[in-house]
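> Can you keep this structure in mind? I'll have questions shortly.
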Ligand code: HEA
Ligand code: HEA
Ligand code: CUA
Ligand SMILES: [Cu+2]
């Protein structure tokens, strides 16, 4: 061992100067710090593989550089004429690297990979909590079916930050309004689906990236080791908002998690009580503005003017040109007349937001937003961007519309 | 060589000017058209890339709005793959294959012309929505990523329809070119030119053609289904009707994975033309290389779902696609081995084509080896759709095929134009490309490992520094390519010194027995090879 | 490598031709027109019309020049071999095209539908969906299927016979029996036309009475795409057979020089085999 006292002051100084530099110079290929078994597994595999290919590459480059330096005409090297291995010895020399590669592929790399695949697929065994995640354009909906809790989580970075061109927020684009909360030390089974296009729930620190496919269910699992806040992003191109679909997970210790569950449940109760109430126009407008910013402005824009050809304006009287397929559908619903957007009936409006417009980019918000939010958004829309309808849409209208939709579905189901 | 009376009864009234290029049935004219088309679109695709890198230079919204960004990356991918790389390699095939096998021309010359002219049509159709948008129709070109995943592509605007028609046209073009090459190789070889005497470039294109015929129709079929899902009420890719969005991924990658070898093969063949010339030593392992081509081609059509490890495959599928993918590393290692064997104990000189060929081995080595890492189904959860993947495929696509076609350009340019390029500029081009390229894409490996997703116009602050590095590298890389343009012009306009027939002291092959530039009709009488 | 020159005759390289470029122009107009049309934009129709005209011109011109060259004796055995190989590989690409559609049928039927039906019922977006085949999917409308033993079976017989009549015509050609050649071809064309008429009637029946449409989930989609694509190929085949018939009447072919005839008959046999697969996997099983 080195005795620091025996080192000359100069050397000690150099060491002291180097230490932080060395500490900072971490392996640039490193993943984010793993906090689940699968993440440890992938990091281990990653390190192993990179070492192996590093060696293979060095060997290859070694031969290449040796030849380039030695076997050049300027050194007077006379070219050989061989065209392949001839003697048995040469054949063995040729076969060896290939056999080594097969060994590397299927033993050194193949066996750990096998175990990891099997471990990753074991989503149910020993799971104590189920969380259902629904991707949509562009928010994640998190449900705890056993606890009757459900909420939507979407980007919380303010628009001004993005448009300023020089963001400073340390969690820029990685902050949400309501994070997913999970317990530490418990195996959580994750179910994934989507309402519109394919999204992918990617959490680097957990080592998982699982696609959410509309109409299907996918599974994954996590068992988080340390409490903390973890951040990830959507991992599959899902339209213009793909960059703005962060994932934040708050991992809490078991008691804290229990506490949170109680809280969340009572908040949920408050919300349904709220939905039965009659809210004031001001409340609705304020709430609607906020919800509009998170859910709608990505397409229809903050000013409600939409984007030409793609997303119609919500401001009545604005011109909109798009393919006849689009405009005809809008006209049928009473939102379009002679090249201009008009404000259709409230029922249609609620229906559009609740169920979306099939076959277009207009998503169904029914599964993501609660009745109060939808009522608030519709109220806000009908009284902003120059729209002056004066309508106040109460949550009860939305709940009624929702029930009607459900009834219709059930009838359809029964008639088959 | 004797020049007897020839069957080209029409030489006297050969059309001139534009009509010559529009109506031509001559393989050299068509080859040149392909190459110029590819070069043009390399610049276009490259400018898209620079736009991407400019946008990503620092966080925040800058040059491109999110929807425009998606359109730019999609066009960048599609243009580079289908309008730059494939046409350039097809151009070399058209120009060289008949000369290399001692044929008078391609077997089906009129179809050859048609195959080329379909490309500009496809390119116009692909970008037309951009101009339609200016007229207030639709919302611009396709924005789904070059993989066109359903149901995003079912939902997206009319740009997708135009991309679908472009795919039909590209498919027709590729199939025509492939059929023509297969027939030419089978039917037009000079007496004595047995299959196992053919230059490896010819072999590599034969395999490319076979692969194209084996997989392109699948993409055409998929695109047709996408069209009907979009407009005619079918449910191929929608669960509501019993379909599956992931089916699109199967169709796309059944085509898409072999496609990467379609891009790679021609340049693997080019390597085996260039390395022996500058090592002054015969090809090492000719037969082994041919067998490797076959093995790679056969394996390539059964490994596609390694692009779908996160889509939720059953365990059996994950394991099968992981292990079968790893198998490809063996025949590819054989190719590397043979390339190294070819230069081993040679007497090398380092003209520009040789530099690019050695750069190819180095960079594609990194691309291939990282591919091996991606093949791990579990670790791929971290790599998939991250910048690690972007770095892999640029090492594989630029480090391999693009380096290869640049090497080929320097190698055959003197033959084609009759004049040398500027060697000094060529060396600068090489070194700047190496520096720029590695700066751009090594940084992206680190970004991906740190968790940066691909296809995002804006990113979290922890990725700032590496993105700046990457963008700076990309600007150097882009600027370096101006030297390529410069050198093409030097040779083309005849500024360089005249090239000899053999061009390179140790060049082998029938094309080097003809004058530089070769006559309009190379072999009016077939040579006999002994 | 030593080279001397071979004594082989010269391969015929056709002179520059305006047809391919014109064809490309026509395809540009057609693709643009269709792209606009499917989005409901009126101008598309005009572009499609404008694209169809040069298409017709090219078809007549291009095939006309091939026929003229063939008559002028410019094609010998060597060129003939190129044509044969070319046609063969073209048919291979068609095989892949159809194989993909069959692959899609098998995927939907034995993977995606059972998968959807087997999702965890607590969380499934489609509770109560039972799967099975045929199906319109979890959100589709009920429909009836076409029985294989009516028109489809009859069509199978028709198409198989037409394969036989082409072959019979070919024998005629090889033995210089002009009469047999021509009547064989006439029969083949007739069988093809009847097939198409029956198929059209059946589509009509499916749409109007059985409720089976393109929109009937994956069953309707695969059914109409496969049979429709096949029907399109039969239509092309009938047109080509008619041209061949016309050329036979004109006396273009002789016993050892009739690539055009053979190409069309290969194509026809290919379409025939595809139908057999369709009959088994789409209608019957
Ligand atoms: C030319 C293009 C090309 C080539 C050749 C390859 C080659 C390979 N690729 Fe790559 N790949 C792409 C282009 C290419 N790829 C593209 C474009 C994508 C992304 C598409 C998208 O999503 O948009 C992709 C994506 C991709 C994925 C999907 C990842 C994901 O989406 O999650 C995977 C996974 O297995 C993979 C694996 C491989 C493998 C195993 C090879 C193997 O063929 C590699 C075999 C080679 C070797 C193993 C090297 C052997 C050499 C030596 C042993 C010696 C070397 C040393 C020296 C001499 C220096 N690739
Ligand atoms: C052959 C294929 C090929 C080639 C050569 C390239 C070349 C380059 N690519 Fe590309 N790339 C793809 C195929 C290719 N790419 C594909 C398939 C995708 C996926 C798309 C998708 O997600 O759907 C992709 C995606 C992709 C991304 C990810 C985008 C995202 O996910 O958000 C990025 C980002 O940096 C990138 C950058 C570059 C750069 C900097 C180059 C450079 O190497 C380019 C350098 C060349 C030039 C610049 C041209 C020469 C220019 C001149 C001579 C003019 C002078 C110009 C200047 C001075 C600026 N590419
Ligand atoms: Cu959701 Cu990307
Ligand atoms: Cu692949």
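Residue numbers (the numbering used here), protein chains in the order written: chain S, 8 to 423; chain U, 4 to 533; chain R, 79 to 363. Glycine included, C-beta positions come from ideal geometry on N, C-alpha and C.
1. Could you name the residues of the same chain whose beta carbon sits closer than 6 Å to that of residue 167 (chain S), not counting the 5 residues immediately before and after it, in chain order?
2. Can you list, in chain order, the stretches of the beta strand (DSSP E) that have 3 or more residues and sit fully within the stretch 204 to 259 of chain S?
3. Please list the partners that residue 180 (chain R) has in chain S, where partner means a Cβ-to-Cβ separation under 8 Å.
4. At a CB-CB cut-off below 7 Å, which residues of chain S make contact with residue 203 (chain R)?
5. Confirm the yes/no value for this check: CB of residue 55 (chain U), any heavy atom of ligand 2, distance under 7 Å.
6. Quick one: what's got a C-beta closer than 7 Å to residue 3 (chain U)'s C-beta in the same chain, skipping five residues either side?
7. Give the straight-line distance between the Cα atoms of residue 90 (chain R) and residue 152 (chain R), rounded to the nearest whole angstrom.
8. For residue 320 (chain U) and residue 327 (chain U), I'd like the C-alpha separation in whole angstroms.
9. If you draw a straight line from the C-alpha of residue 488 (chain U) to the C-alpha of residue 317 (chain S), how long is it?
10. Measure the Cβ-Cβ separation of residue 513 (chain U) and residue 103 (chain U) and say whether it is below 8 Å.
11. How many Å lie between residue 89 (chain S) and residue 342 (chain U) at the Cα?
12. Could you check whether the Cβ of residue 92 (chain U) sits closer than 8 Å to any Cβ belonging to chain S?
13. Who are the neighbours of residue 243 (chain U) on chain S, taking C-beta pairs under 7 Å?
14. Against chain R, does residue 27 (chain U) count as a neighbour if the rule is that its beta carbon must be under 8 Å from one of theirs?
15. Between U:419, U:68, U:19, which lies nearest to residue 461 (chain U) when the distance is taken from Cα to Cα?
16. Among U:427, U:432, U:423, whose alpha-carbon lies nearest the alpha-carbon of residue 500 (chain U)?
17. Quick one: what's residue 150 (chain S) bridged to in DSSP?
18. Please determine if the stretch 510 to 529 of chain U and the stretch 170 to 185 of chain U are in contact, where contact requires at least 3 C-beta pairs separated by less than 8 Å.
19. Counting only Cβ pairs nearer than 7 Å, list the residues of chain R close to residue 139 (chain S).
20. Going by alpha carbons, who is nearest to residue 349 (chain S) out of S:61, S:324, S:402?
21. What are the start and end residues of the alpha helix (DSSP H) that includes residue 123 (chain R)?
22. Determine the extent of the beta strand (DSSP E) in which residue 201 (chain S) is found, giving its start and end residues.
23. Which residues in chain R have a C-beta closer than 7 Å to the C-beta of residue 330 (chain S)? List them in chain order.
24. Taking 7 Å as the limit between beta carbons, can you name the residues of its chain near residue 378 (chain U), skipping five residues before and five after?
25. Buried or exposed for residue 76 (chain S), going by 16 or more other Cβ atoms inside 10 Å?
26. Quick one: grab the DSSP three-state call for residue 205 (chain R).
27. Taking residue 197 (chain R) as the query, report the chain S residues whose CB atoms sit under 8 Å from its CB, ordered along the chain.
28. Could you list which residues in chain R have their beta carbon closer than 9 Å to that of residue 189 (chain U), in chain order?
29. Could you tell me the distance, in whole angstroms, from the CA atom of residue 531 (chain U) to the CA atom of residue 148 (chain R)?
30. Give me the chain U residues within the contact set of residue 292 (chain R), using Cβ-Cβ distance strictly less than 8 Å, ordered along the chain.
31. Tell me whether residue 382 (chain S) is buried or exposed, calling it buried when 16 or more other Cβ atoms sit within 10 Å of its Cβ.
32. Taking 8 Å as the CB-CB cut-off, is residue 168 (chain R) touching chain U?
33. Could you pull out every unbroken alpha helix (DSSP H) segment of at least 4 residues lying fully inside the stretch 33 to 105 of chain U, listed in chain order?
34. Going by the DSSP bridge assignment, what does residue 188 (chain S) pair with across the sheet?
35. If we call anything under 8 Å between Cβ atoms a contact, is residue 175 (chain U) one with residue 88 (chain U)?
36. With H, G and I counted as helix, E and B as strand and the rest as coil, what does DSSP make of residue 524 (chain U)?
Walking through what the data contain:
1. For residue 167 (chain S), where only same-chain residues beyond five positions count, there are no Cβ hits under 6 Å.
2. Entirely contained in the stretch 204 to 259 of chain S, the beta strand (DSSP E) runs reaching 3 residues are, in chain order, 206 to 210, 215 to 219, 225 to 229, 235 to 241, 253 to 259.
3. The premise fails here: residue 180 (chain R) is roughly 23 Å from chain S at the closest Cβ pair, so nothing lies under 8 Å.
4. Near residue 203 (chain R) (Cβ distances below 7 Å), the residues of chain S are 200, 222.
5. In terms of side-chain proximity, the C-beta atom of residue 55 (chain U) is found nearer than 7 Å to a non-hydrogen atom of ligand 2.
6. Missing from the structure shown is residue 3 (chain U); chain U here goes from 4 to 533 and no further.
7. Residue 90 (chain R) and residue 152 (chain R): Cα-Cα distance of roughly 7 Å.
8. Using only the alpha carbons, I get a separation of about 11 Å.
9. Whole-angstrom Cα-Cα distance: 39 Å.
10. The Cβ atoms of residue 513 (chain U) and residue 103 (chain U) lie closer than 8 Å to each other.
11. As the crow flies, the alpha-carbon of residue 89 (chain S) is around 13 Å from that of residue 342 (chain U).
12. For residue 92 (chain U), no Cβ of chain S is located within less than 8 Å of the residue's own Cβ.
13. Those are 222, listed as they occur along chain S.
14. Judged by the 8 Å Cβ criterion, residue 27 (chain U) is in contact with chain R.
15. Of the candidates U:419, U:68, U:19, the one whose C-alpha sits nearest the C-alpha of residue 461 (chain U) is U:68.
16. Closest by alpha carbon: U:423.
17. S:139, S:157, per the DSSP bridge assignment.
18. Verdict: no, contact absent.
19. By Cβ distance, chain R contributes 201.
20. Distance from the Cα of residue 349 (chain S) is smallest, within the candidate group S:61, S:324, S:402, for S:324.
21. It spans 121 to 149 - the alpha helix (DSSP H) in which residue 123 (chain R) sits, taken as one unbroken run.
22. Where residue 201 (chain S) is concerned, the enclosing beta strand (DSSP E) stretches over 195 to 201.
23. Around residue 330 (chain S), the beta-carbon contacts reaching into chain R at under 7 Å are 117, 118, 119.
24. Closer than 7 Å at Cβ, skipping near neighbours: 309, 325, 328, 329.
25. With fewer than 16 other CB atoms across the displayed protein chains lying within 10 angstroms of its CB, residue 76 (chain S) is exposed.
26. Reduced to three states, the DSSP call for residue 205 (chain R) is coil.
27. 223, 224, listed in chain order.
28. Correct list: 159, 160, 163.
29. Pairing residue 531 (chain U) with residue 148 (chain R), the inter-Cα distance amounts to about 28 Å.
30. Within chain U, the residues near residue 292 (chain R) are 231, 235, 236, 237.
31. The Cβ neighbour count for residue 382 (chain S), taken over all protein chains shown within 10 Å, is at least 16; the residue is labelled buried.
32. True, the Cβ-Cβ gap to chain U drops below 8 Å.
33. When DSSP assignments are scanned along the stretch 33 to 105 of chain U, the uninterrupted stretches of alpha helix (DSSP H) that are 4 or more residues long and fall wholly within it turn out to be 69 to 81, 89 to 103.
34. DSSP links residue 188 (chain S) through a beta bridge to S:257.
35. Contact: no.
36. Look at residue 524 (chain U) here: in three-state DSSP terms it is coil, with no helix or strand label.
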